[in-house]
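Position in the sequence shown (from 1) plus 381 gives the number in the numbering used here.
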Amino acid sequence: MVRSSPSTIWSPSLCGRDLLLPGGDARMRTPLRFRPFLRPMVWGGRGLKDTLGKELPTNDSYGEAWEISDHASHHSVVADGPQAGRTLRQLMLDDGAALVGDWPGTVFPWLVKYLDCHDWLSVQVHPDEQAVQTLWPGENSKTEAWFVLDVRPGARVYAGLKPDVDVQVMAEAMKAGTVADCLHTFEPKPGDCLFLPAGTVHAVGGGVLIAEVQQTSDATFRLFDWNRVGSDGKSRTLHVEQGLASIDWNAGPVEPKHAGGYGTSTRPVWQSLVECRYFELTYVRQSEPFTLGGSGQMQTVMVLHGEGTIDTHHGPMSLHRGETVLLPAGASATWIVPRGGLGLLVAKLPAHRQAA
């Protein structure tokens with residue numbers, strides 16, 4: 382349902398300076414912005430710079446910007462403010478409760494990214510909690526959600542198995558290089574949101590810019606890589622046995638949920654897009670000042686379109702398309718002031734929490 386949310390509209394009594402929560406390190410109560418970790422990918426392009434304003438360090442094709450990560454392969458570094466230079470891992474170790482709130486895990490629950498799928502992401506699958514224990518010990522399962530920001534004509538998403546696709550059909554398709562024929566496919570539109578539980582076979586490409594929230598995991602098994610070679614002239618490894626063992630054979634066609642009025646509407650919107658045991662995602666569109674946070678819940682905020690500012694105890698923090706901010710659980714209600722229309726993807730922990 383698309384609706385406006387009166388609880389998000391700003392009033393003077395909700396200004397962050399008036400609702401500072403007692404106890405703990407005051408530095409853990411202010412919004413946090415991290416330096417993006419930029420990853421070159423064979424399927425990437427230059428959209429992270431051209432559309433989202435990321436400063437790409439080389440002329441390579443970049444596919445991912447890790448905005449918030451506590452994964453062992455990269456711990457995000459705070460970009461500015463009183464915690465500048467510290468890693469998310471350090472913050473979790475120092476006072477994880479002030480940062481995340483009532484969370485049973487010791488690792489930050491999500492990996493938050495932007496993806497530039499200029500070319501084709503491999504047809505792939507991520508293991509669930511049971512499969513990952515044997516197929517990738519020490520890693521987490523990987524359930525994820527995509528929000529489509531921009532699309533080139535001819536781009537497509539592949540998500541979920543067609544009816545009657547079983548392990549034998551898929552194994553034969555992997556040998557023949559016809560895996561894509563086993564998958565449901567559609568042409569995405571800006572504002573589409575896809576929920577991809579672990580075990581769902583998927584791919585995307587042809588020019589799609591995506592905001593992604595996922596479990597903290599990098600466990601991926603490739604089923605098909607479009608017969609291409611990497612920069613070294615070699616084909617990337619396919620994971621036949623692990624991939625087949627990770628597929629949820631009941632994960633059928635995935636259809637997108639569209640954010641109402643995305644990029645066109647001028648009215649306030651507060652729309653639930655995803656609810657699962659790892660995260661809940663909401664599309665927020667506002668043109669007047671409003672608040673987020675302040676309820677003892679950690680939230681991450683990705684700027685999908687527009688710009689504005691966040692009022693912090695250390696001065697205003699600018700918001701631009703392609704940026705991401707973490708609102709700690711110990712923070713007071715955060716006053717957000719749009720400049721024109723501002724569209725956000727807000728993630729929070731569900732009521733029934735599941736550690737990564």
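Glycine included, every Cβ here is placed at the ideal spot set by N, Cα and C.
Query                                                                                                                                                         : Result
Can you check the stretch 671-715 for any beta strand (DSSP E) of at least 3 residues that lies completely inside it and give the ranges in chain order?      : 671-673, 680-693, 696-700 and 705-708
For R341, count the other beta carbons within 10 Å of its own beta carbon; 16 or more makes it buried, fewer makes it exposed. Which is it?                   : Missing from the structure shown is residue 341; the chain here goes from 382 to 737 and no further.
Applying the criterion that 16 or more other CB atoms from any shown protein chain within 10 Å of the CB defines a buried residue, is L730 buried or exposed? : buried
So the candidates are E704, G703 and T672; which of them puts its Cα closest to the Cα of T715?                                                               : T672
Cα separation between E510 and K615?                                                                                                                          : 32 Å
Does DSSP put G477 in a helix, in a strand, or in coil?                                                                                                       : helix
What's the C-alpha gap between L726 and Y664?                                                                                                                 : 5 Å
Give the DSSP-derived three-state secondary structure of D483 in the structure shown.                                                                         : coil
What does DSSP give as the partner residues of Y443 in its beta bridges?                                                                                      : P421
Where DSSP assigns a beta bridge to T663, which residues make up the other side?                                                                              : S653 and V727
Do you know offhand how far N440's Cα is from D545's?                                                                                                         : 44 Å
Determine the closest residue to W484 out of M679, A592 and A579, with distance taken between C-alpha atoms.                                                  : M679
First and last residue of the beta strand (DSSP E) that includes T566?                                                                                        : L564 to F567
Considering only C-alpha positions, which residue in the set S450, A632 and V513 is nearest to M473?                                                          : S450
What residue range does the alpha helix (DSSP H) around K430 cover?                                                                                           : G428 to D431
First and last residue of the alpha helix (DSSP H) that includes V548?                                                                                        : V548 to A557
Since W447 contacts F660 with CB under 8 Å, what's their CB separation in whole angstroms?                                                                    : Not a contact, Cβ separation roughly 16 Å.
Quick one: grab the DSSP three-state call for Q596.                                                                                                           : strand
Under 8 Å, do V706 and L413 count as touching if we go by C-beta distance?                                                                                    : yes
Quick one: give me the first and last residue of the alpha helix (DSSP H) that A512 is part of.                                                               : E510 to L516
Could you tell me which residues DSSP puts in a beta bridge with P719?                                                                                        : G689
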